[in-house]
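Notes to accompany the following structure.
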Amino acid sequence: MNNNFKMIDYYQDIYHDEIVIDELINKLKQGQFDNLSIIDLNRFRIFLDAVLLTFNNEKVYNAYLKDKFAFQPFFDRLNDSKLFIRERPFLENHKKYLNNLFKIRINKFDSFFYSLDGEDRRVWDQFKIVRNAYSHMKYCDVYI
1 MNNNFKMIDY YQDIYHDEIV IDELINKLKQ GQFDNLSIID LNRFRIFLDA VLLTFNNEKV
61 YNAYLKDKFA FQPFFDRLND SKLFIRERPF LENHKKYLNN LFKIRINKFD SFFYSLDGED
121 RRVWDQFKIV RNAYSHMKYC DVYI
């Protein structure tokens with residue numbers, strides 16, 4: 001099919017009234033999907049994933065996070081040594097690791113990551129980068 005518009009039309013026709021699994025199984029058995037190549041299906045899946053990631057990204061930033069998200073309380077909690085945080089030993093080891101390997105001295109956590117290229121990024125931009133990285137890891141079937 002080699003065209004996302006054709007694939008969209010194709011699937012709209014299949015699901016025009018409703019999705020009935022038994023009907024799909026019958027169509028599969030009758031060979032109604034034989035003209036589809038695995039390459040077409042894979043391309044369309046990638047297209048749909050990209051559309052959903054874009055929609056989700058816009059929805060997260062425009063509906064959920066716009067003027068509602070504050071990062072400072074998160075960093076305050078990480079930096080408060082009086083609070084019990086299960087990951088405290090990891091955080092301290094992470095500070096040592098960054099200092100020993102990259103000569104990045106961290107007195108307190110105030111960002112999601114430290115850029116090795118020296119570029120200064122706002123915390124909001126760092127959050128978006130980390131979120132996109134996790135989205136792509138899930139997209140590629142990599143789970144943490």
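Numbering (our numbering), first residue to last: 1 to 144. Idealized CB from N, CA, C, for every residue including glycine. Everything numeric in this text was worked out from a predicted model, so none of it was measured.
Here the alpha carbons of N35 and I25 stand approximately 16 Å from one another. Residue range 4-14 is occupied by the alpha helix (DSSP H) that includes K6. For the 7 Å CB-CB criterion, F109 and L83 do not form a contact. By a beta-carbon distance limit of 8 Å, L116 does not contact I106. Their separation comes to about 14 Å. Taking a 10 Å sphere around the C-beta of F127, we find 16 or more other C-beta atoms and assign the residue as buried. Nearest Cα to N132 within the set D22, D17, R43, L53: L53.
In the three-state DSSP reduction, R122 falls in the coil class, being neither helix nor strand. When the beta-carbon positions are compared, V123 and S135 stay at least 7 Å from each other.
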